[in-house]
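Q: Pasting in a structure now, in structure tokens, and then I'll have a few things to ask.
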Amino acid sequence: MIIAETIAQVREVIAGVRASGKTIGCVPTMGGLHEGHLSLLRRCRAECDFAVVTIFVNPTQFGPGEDLESYPRTFEADRAACEEIGVDLIFAPSVKEMYGEENLSWVNVEKISSHLCGASRPHFFRGVCTVVAKLFNIVTPDIAYFGQKDAQQLAVIRRMAADLNFFVEIRSCPTVREADGLALSSRNQYLDADQRRQAVCLSRALERARQLVASGETNPGAVIAAMKEIIARESQGRIDYISIVDNELLQPVARIDRPVLIALAVHLGTARLIDNITAAPAKK
Ligand code: PAF
2 MIIAETIAQV REVIAGVRAS GKTIGCVPTM GGLHEGHLSL LRRCRAECDF
52 AVVTIFVNPT QFGPGEDLES YPRTFEADRA ACEEIGVDLI FAPSVKEMYG
102 EENLSWVNVE KISSHLCGAS RPHFFRGVCT VVAKLFNIVT PDIAYFGQKD
152 AQQLAVIRRM AADLNFFVEI RSCPTVREAD GLALSSRNQY LDADQRRQAV
202 CLSRALERAR QLVASGETNP GAVIAAMKEI IARESQGRID YISIVDNELL
252 QPVARIDRPV LIALAVHLGT ARLIDNITAA PAKK
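Structural data, given as structure tokens:
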């Protein structure tokens, strides 16, 4: 397994891989790899000839007062996990390598980025899209893998890749959950034991929403009210948002009469947890 810290190193390796006609897969990460990431890595390994993992805690997607400093940095454990899965190349650049002295060019995806997580983290998708565009240009993957857990990020990146004609296929992988339903996230480690117990309220609220929609509830307000009730009853969490949106542009729907994305973000202690499901209305 090659570990590259510079763009020049990656370009040299990739040129050789391309020359031999191999397909290249890429899993962009910020490290702190958990089973959710590992499921992406395994799929990339199985589906592509040459598997690249990028590990870069991207400062431009963190806002003032967010957890950039405390974000888990576990390079040795990440390296060992990549090795075990059979990753071919880890790209782990410095901030200077990625952004130089001053970065003046940014990628914004309008409309899809502005609500849900974009409303409370207005800098976030600009940072994500810019770094992912850079990584696509450096690694030039045929296929890139992202988790459904970050459904808005996935939709924004798909749109960016389509609008900017990146020659890459975006593949999504299902959310990996703990036995009690909590979606895996690097930020789960900010939870103490009591908060960890309460955190299951996110997936429980989503499950309730799925049942309501499947049994014929078409009013988004009623579904959201039921979800709020579960979160208030089972946790001390502070809701950032609960939204029911269409699957493409992620705009709030007035009526649940087609498959929708139900997404939420909840603050528990210092952690801000997100989760989502897709739900389809009962067939008539
Ligand atoms: O999902 C993440 O870990 C990050 O947002 C990503 C896509 C690697 C960009 O920094």
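Residue numbers (the working numbering): 2 to 285. Positions of the beta carbon are idealized from the N, C-alpha and C atoms, including for glycine.
#1: Write down every uninterrupted run of the beta strand (DSSP E) in the segment 162-215 whose length is 3 residues or greater and which is fully enclosed by it, in chain order.
#2: Any heavy atom of the ligand PAF closer than 7 Å to the CB of Thr271?
#3: Cβ of Pro65 versus every heavy atom of the ligand PAF: is any distance shorter than 7 Å?
#4: Return the chain-ordered ranges of every alpha helix (DSSP H) run that is complete within the segment 220-277 and spans a minimum of 4 residues.
#5: Considering only C-alpha positions, which residue in the set Thr55, Arg188, Leu183 and Val96 is nearest to Leu136?
#6: Just how far apart, CA to CA, sit Arg19 and Glu111?
#7: Measure the C-alpha to C-alpha separation of Asp125 and Cys49 and round it to an integer number of angstroms.
#8: Distance check for Val140 and Glu85, CA to CA, integer angstroms please.
#9: Can you tell me whether Phe125 is helix, strand or coil according to DSSP?
#10: Does the beta-carbon of Arg239 have 16 or more other beta-carbons within 10 angstroms, so that it is buried, or is it exposed?
#11: Is the segment 195-203 touching the segment 215-224, taking contact as three or more C-beta pairs under 8 Å?
#12: In whole angstroms, what separates the C-alpha of His35 from that of Val96?
#13: Would you give the residue range spanned by the beta strand (DSSP E) that Phe286 belongs to?
#14: From what residue to what residue does the beta strand (DSSP E) around Tyr146 run?
#15: What are the start and end residues of the alpha helix (DSSP H) that includes Leu41?
#16: Going straight from the alpha carbon of Met161 to that of Thr279, what length do you get?
#17: Applying the criterion that 16 or more other CB atoms from any shown protein chain within 10 Å of the CB defines a buried residue, is Leu213 buried or exposed?
#18: Report the CB separation of Thr61 from Thr131 in whole angstroms; it is logged as a contact under 8 Å.
#19: In angstroms with no decimal places, state the Cα-to-Cα distance between Val53 and Gly128.
#20: Verify the contact flag: Met31, CB atom, against every heavy atom of the ligand PAF, threshold strictly below 7 Å.
#21: According to the Cβ coordinates, are Cys83 and Tyr146 closer than 8 Å?
#22: Whose C-beta lies closer than 8 Å to the C-beta of Asn59 among residues of the same chain, with five residues either side of it excluded?
#23: Kindly indicate which three-state DSSP category Thr279 falls into: helix, strand or coil?
#24: Which of the three DSSP states, helix, strand or coil, is assigned to Leu90?
#25: Using beta-carbon positions only, say whether Arg209 and Ile231 come within less than 8 Å of one another.
A: On the basis of the supplied data:
#1: The segment 162-215 contains these whole beta strand (DSSP E) runs: 170-174.
#2: No.
#3: No.
#4: Within the segment 220-277, the complete alpha helix (DSSP H) segments of 4 residues or longer fall at 221-235, listed in chain order.
#5: When each option's Cα is compared against that of Leu136, the closest is Thr55.
#6: Approximately 33 Å between the Cα atoms of the pair.
#7: Looking at the sequence provided, one finds Phe at residue 125 rather than Asp. If I take the Cα positions, the gap works out to 29 Å.
#8: Distance between the alpha carbons of Glu85 and Val140 is about 21 Å.
#9: Of the three classes helix, strand and coil, the one that applies to Phe125 here is helix, per DSSP.
#10: Arg239 comes out exposed.
#11: Between the segment 195-203 and the segment 215-224 there are fewer than three C-beta pairs closer than 8 Å, too few to call the two in contact.
#12: Distance between the alpha carbons of His35 and Val96: 23 Å.
#13: Nothing can be reported for residue 286: it is not among the residues displayed for the chain, which extend from 2 to 285.
#14: Per DSSP, Tyr146 belongs to the beta strand (DSSP E) from Ile144 to Gly148.
#15: Note, Leu41: alpha helix (DSSP H), Glu36 to Glu48.
#16: Distance between Met161 and Thr279, taken at the CA atoms: about 22 Å.
#17: It is buried - the Cβ of Leu213 has at least 16 other Cβ atoms within 10 Å.
#18: Confirmed, about 6 Å.
#19: Approximately 21 Å, taken between the alpha carbons.
#20: Correct: Met31 has its Cβ closer than 7 Å to the ligand PAF.
#21: Against a cut-off of 8 Å, the Cβ pair of Tyr146 and Cys83 comes out as no contact.
#22: Only Met31, Met99, Gly128, Val129 and Val132 meet the Cβ criterion.
#23: The three-state reading of DSSP puts Thr279 in strand, counting E and B together.
#24: Three-state result, Leu90: strand.
#25: Yes; because the gap between Cβ atoms is below 8 Å, this pair is in contact.
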